[in-house]
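> Before we start, here is the structure in question, set down as structure tokens.
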Amino acid sequence: MKNLLGLKPYLLRYKKNLWSGFLFIILTNLFAVIAPKYIGLAIDTMNRHFALSDVLRDTGLYFLLSLLSGFFLFLVRQNIIVASRHIEYDLKNDYYQHLQKLPRSFYNTTSTGDLISRGTNDLNAIREFLGPGIMYSLNTFFRLLFALIAMIAISPELTLFALLPAPLLSYSVYKIGSSMQKRSKSIQESYAGITNLVQENLSGIRVVKSYTRESFEINRFECLNKEYYRKNLSLGKLQALFFAFLTSMTALSLLPVIWVGGINVINGSMTVGGIAQFIVYVSMLSWPIISIGWVTSIVQRAASAQIRLNAIFNAKPDVAETENKGQKEESFKGKLSFRDVQFHYPGQEKNPILKKITFDIAAGSKVAIVGATGSGKTTLVNLIPRLYETVQGTILFDGHDIRSLPLKTLRELIGFVPQVNFLFSDTIARNINWGSRNEDADMVIEASKIAMLYGDVEEFPDGFETMLGEKGINLSGGQKQRACIARAIAWKPPLLILDDALSAVDTGTEARIFEALLQKLPETTILLISHRISTVKNCDRIIVLKEGSIVESGTHEELLQQKTLYAELYNQQLLEEEIFSLS
Ligand SMILES: Nc1ncnc2c1ncn2[C@@H]1O[C@H](COP(=O)(O)OP(=O)(O)OP(=O)(O)O)[C@@H](O)[C@H]1O
């Protein structure tokens, strides 16, 4: 239960609704419990002498009180259920906002399906607790309280008989409730597994199809689905037994009431109306008693959902937002310096990826990073926008330690085109505009011209308004990459990082796009990772990485003269090109 304390701030936010709901619950139950008194009176009137006016008065009052009880019940729902919907809305927003702030390392270890399941299934369990859970708990409490007061007023002895099965009921509710909690927790975990599998399968559906692994995937789904189905059946069976048991127990509690009450009526210590009223109360108690079990399972389900949500809410962004030091964005030029930077991935101290990296890149210069696959190029550029934190050493942007800059400011200074690109299901224009802060059509055109995408888009019937399918499925690999470059340029950032961003276009196009970038963005510092010497040779400087260390650095000509690793790469690519042209 203590896990649910995390919901306190949300409950306080809607305390007006909740307090009103609380008041209306008292009123609805008060009227509901007073109403049966007039059934008893009507029966007793009929027993003594039949006066239609008296019967009409009593039944009229019964009807009026029931109507009032119904009206206040409506207000209860309007306040408590509505508050629960507000809280659900706030929680969903907070959950999504929190997910946006979590670091990349968090997503390395958490699956998307699991996050979706927590944001839907678990949040729904919380809402059920906040709405029906709170409402039925309070309702049960006041219904029991008022009905018991009324019953004791009629006959304390009969009340005692009516409550005989109560200890057994409470104990069974507790035992079966705990078992239900275990089963629902396990169901929630299974559901998360299914969501994850479906999410992953649909994202990779093209790979599944090209490898004709549909039946393998169907089997995997069926296995998980069967497990989920079995767990649900087992919970359903328990619930069915639980409700059947409770219903028969409450029906059973009527037997001593009729037996002892009947004797009381025969010996004249009770009226027929009195026992009729009493029986109405006993039946009135059956739903609250049954709902104890239901509410117990709602609370338990919510408690385990809250544990799962807390695990996400407690995950902290590992890059602390630092205070804005008053540095204006326009004053940044794009000078970049690495000072003795060392890095290893979290928990992999024995596997250093970057070792004592030191270099300076002047503002506006174009620098390439080359090296064999796995040499640490991507890792190096990921440190600049602080997607990962350096383990040792400092990275400076225009002389400022990047850790002293607000994260938002730092990231807005960088146009980043990662190796694996991603486009949203939206128009091409909005995809290019996405990172920008305005809806400037000229800027979209300018950026797409520099990225050499403009000609392609002009050919599309809807031009920049062409809707992209999921992840830009209706664009070619090269078009997708160029759209991502256009998006990064549209920011007009002082630093542009291209991480193998043109691998899907041919060598000639890559060189032409890079030429355009050099010409059109003379003031932008460009850090380029590419395996193609034909592209990097035009850079002001080339840094060669080997196993996480800088082994060479200089212009294309300088490096060729050194006749070491870069020259080897160059000669190898020349040879490959010659073989290709001969074939
Ligand atoms: N998230 C990660 N967790 C642990 N190790 C990682 C992670 N990402 C990369 N690595 C490891 O770090 C090393 C450097 O990877 P990196 O992606 O930086 O190389 P790269 O030079 O960019 O390679 P490529 O040219 O193939 O893109 C590799 O050995 C890789 O296995």
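Its first residue numbered 1190, the sequence shown is counted upward by one per residue in our numbering.
All C-beta atoms, glycine included, are put in the ideal place defined by N, C-alpha and C.
For V1733, report the span of its alpha helix (DSSP H) as first-last.
Position 544 of the sequence shown holds residue 1733. Element bounds for V1733: not the alpha helix (DSSP H) but the beta strand (DSSP E), 1730-1735.
> Please list, in chain order, all residues of the same chain as V1203 whose beta carbon is under 8 Å from its beta carbon, the five residues on each side excluded.
Locating residue 1203 in the sequence shown gives position 14, counting from the first residue. This sequence places Tyr at residue 1203; Val is not what is there. Hits under 8 Å: A1272, H1275, I1276.
> Could you spell out the range, first to last residue, of the beta strand (DSSP E) harbouring G1743?
The residue you call residue 1743 lines up with position 554 of the sequence shown. Segment 1738-1743, the beta strand (DSSP E) holding G1743.
> Helix, strand or coil: which one does DSSP assign to A1561?
Counted from its first residue, the sequence shown places residue 1561 at position 372. In this structure, A1561 counts as coil in the three-state DSSP scheme.
> Output needed for G1451: all residues of its chain with C-beta closer than 8 Å, excluding positions within five of it in sequence on either side, in chain order.
As a working note, residue 1451 is residue 262 in the sequence shown. If we look at G1451 and ignore the five residues flanking it on each side, its Cβ neighbours are I1464.
> Just confirm the distance between the C-beta atoms of L1642 and F1586, as a whole number of angstroms; I'd bet it's less than 8 Å.
Residue numbering aside, residue 1642 sits at position 453 when the sequence shown is read from its first letter. Residue numbering aside, residue 1586 sits at position 397 when the sequence shown is read from its first letter. About 28 Å; that fails the 8 Å criterion.
> When we look at the beta-carbon of L1536 and count the other beta-carbons within 10 Å, is it buried (16 or more) or exposed?
Here residue 1536 is taken as the residue at index 347 of the sequence shown, counted from 1. First, the residue type needs correcting, since residue 1536 is Gly and not Leu in the sequence shown. Answer is exposed; the Cβ neighbour count stays below 16.
> On the DSSP bridge list, what partners appear for L1763?
As a working note, residue 1763 is residue 574 in the sequence shown. Per DSSP, none; premise fails for L1763.
> Once the 5 residues before and after F1521 are set aside, which same chain residues still bring their CB inside 6 Å of it?
The residue given as residue 1521 occupies position 332 in the sequence shown. Hits under 6 Å: D1587, L1602, P1683.
> If I follow the unbroken alpha helix (DSSP H) through D1283, where does it start and stop?
Counting from one through the sequence shown, the residue named residue 1283 turns up at place 94. Per DSSP, D1283 belongs to the alpha helix (DSSP H) from 1271-1290.
> Here's the rule: buried if 16 or more other CB atoms are within 10 angstroms of the residue's CB, otherwise exposed. What is S1480?
In the sequence shown, the residue the question calls residue 1480 occupies position 291. Buried, since its Cβ has 16 or more Cβ neighbours within 10 Å.
> If contact is defined by three or more beta carbon pairs under 8 Å, each pair taking one atom from either stretch, is the stretch 1457-1471 in contact with the stretch 1229-1236?
Output reads yes: the stretch 1457-1471 touches the stretch 1229-1236.
> What residue range does the alpha helix (DSSP H) around G1450 cover?
Residue mapping note: residue 1450 aligns to position 261 of the sequence shown, counting from 1. Unbroken alpha helix (DSSP H) run through G1450: 1443-1455.
> Report yes if the CB atom of A1336 is closer than 8 Å to the CB atom of Y1199, and no otherwise.
For the purposes of this step, residue 1336 is taken as the residue at position 147 of the sequence shown. For the purposes of this step, residue 1199 is taken as the residue at position 10 of the sequence shown. No, the pair does not count as a contact, with Cβ atoms beyond the cut-off.
> Would the C-beta of I1584 count as close to ligand 1, meaning under 7 Å from any of its heavy atoms?
As a working mapping, residue 1584 is identified with position 395 in the sequence shown. I1584: no, Cβ never under 7 Å from ligand 1.
> Tell me, please, which residues DSSP counts as bridged to K1555.
Taking the sequence shown and counting its residues from 1, the one referred to as residue 1555 is at position 366. The partner list for K1555 (beta bridge, DSSP) reads I1715.
> Straight-line CA distance for L1717 to A1640?
For the purposes of this step, residue 1717 is taken as the residue at position 528 of the sequence shown. For the purposes of this step, residue 1640 is taken as the residue at position 451 of the sequence shown. Going from the Cα of L1717 to the Cα of A1640 covers about 14 Å.
> Bridge partners of M1656, per DSSP?
Sequence index remark: in the sequence shown, residue 1656 carries index 467 (1-based). Answer is T1616, bridged to M1656.
> Drop a sphere of 10 angstroms on the beta-carbon of V1609, count the other beta-carbons inside from all chains shown, and report buried for 16 or more, exposed for fewer.
On the sequence shown, residue 1609 is found 420 positions in, with the first residue counted as 1. Looking at its Cβ environment, which holds fewer than 16 other Cβ atoms inside 10 Å, V1609 is exposed.
> What would DSSP say about G1536, mapped onto helix, strand or coil?
The sequence position of residue 1536 within the sequence shown is 347, counting from 1. Three-state result, G1536: coil.
> Contact defined as beta carbons within less than 8 Å: I believe F1532 pairs with L1596. What is the distance between those atoms, to the nearest angstrom?
Looking up residue 1532 in the sequence shown gives position 343. Looking up residue 1596 in the sequence shown gives position 407. The Cβ separation is near 18 Å, so there is no contact.
> Check whether the stretch 1695-1707 touches the stretch 1722-1737, counting contact only when three or more Cβ pairs, one atom from each stretch, lie closer than 8 Å.
In short, these stretches touch, since the Cβ pair count reaches three.
> What I want to know is whether the C-beta of D1689 ends up closer than 7 Å to one or more non-hydrogen atoms of ligand 1.
The residue given as residue 1689 occupies position 500 in the sequence shown. Checking the Cβ of D1689 against ligand 1 gives yes.
> Can you give me the C-alpha to C-alpha distance between N1456 and Q1377, rounded to a whole angstrom?
On the sequence shown, residue 1456 is found 267 positions in, with the first residue counted as 1. On the sequence shown, residue 1377 is found 188 positions in, with the first residue counted as 1. Their backbone Cα atoms lie some 58 Å apart in a straight line.
> Tell me whether Y1773, by its Cβ, gets closer than 7 Å to a heavy atom of ligand 1.
Residue 1773 lies beyond the range of the chain shown here (1190 to 1772); nothing can be said about it.
> Taking the C-alpha atoms as reference points, what is the distance between L1193 and K1290?
Working through the sequence shown from its first residue, we reach residue 1193 at position 4. Working through the sequence shown from its first residue, we reach residue 1290 at position 101. Each residue's Cα considered, the two are about 23 Å apart.
> I'd like to confirm something about T1299: is its beta-carbon nearer than 7 Å to some heavy atom of ligand 1, or not?
Position 110 of the sequence shown, counted from the start, is the residue given in the question as residue 1299. No, the Cβ of T1299 stays beyond 7 Å of every heavy atom of ligand 1.
> Quick one: Cα of I1768 to Cα of L1758, how far?
To locate residue 1768, count along the sequence shown from 1; it is residue 579. To locate residue 1758, count along the sequence shown from 1; it is residue 569. Going by the C-alpha atoms only, they are around 15 Å apart.
> Consider the C-beta atom of I1546 and the heavy atoms of ligand 1; say whether any pair is separated by less than 7 Å.
If you number the sequence shown from 1, residue 1546 lands on position 357. No, ligand 1 has no heavy atom inside 7 Å of this Cβ.
> Going by alpha carbons, who is nearest to S1472 out of R1592, M1340, A1677?
As a working mapping, residue 1472 is identified with position 283 in the sequence shown. It is M1340.
> Going by DSSP, name the residue or residues bridged to V1530.
Here residue 1530 is taken as the residue at index 341 of the sequence shown, counted from 1. For V1530, which the question treats as bridged, DSSP gives the partners I1546.
> Is G1366 near ligand 1, judged by its Cβ being under 7 Å from some heavy atom?
As a position in the sequence shown, residue 1366 is number 177, starting the count at 1. No; taking the cut-off as 7 Å, the Cβ of G1366 has no heavy atom of ligand 1 nearer than that.
> Any idea what DSSP makes of V1606, helix, strand or coil?
As a position in the sequence shown, residue 1606 is number 417, starting the count at 1. Looking at V1606 - three-state DSSP - the assignment turns out to be strand.
> Please look up how many angstroms separate the CB atoms of I1715 and A1672, rounded, as I've assumed it's under 8 Å.
Numbered from 1 along the sequence shown, position 526 holds the residue referred to as residue 1715. Numbered from 1 along the sequence shown, position 483 holds the residue referred to as residue 1672. About 18 Å separates the two Cβ atoms, so there is no contact after all.
> Give me whichever residues DSSP pairs with H1589 in a beta bridge.
Numbered from its first residue, the sequence shown carries residue 1589 at position 400. Paired residues: F1586.
> Go ahead and label K1420 buried or exposed: buried means 16 or more other beta carbons lie within 10 angstroms of its beta carbon, across all protein chains shown.
Residue 1420 sits at position 231 when you count from the first residue of the sequence shown. Flag for K1420 reads buried.
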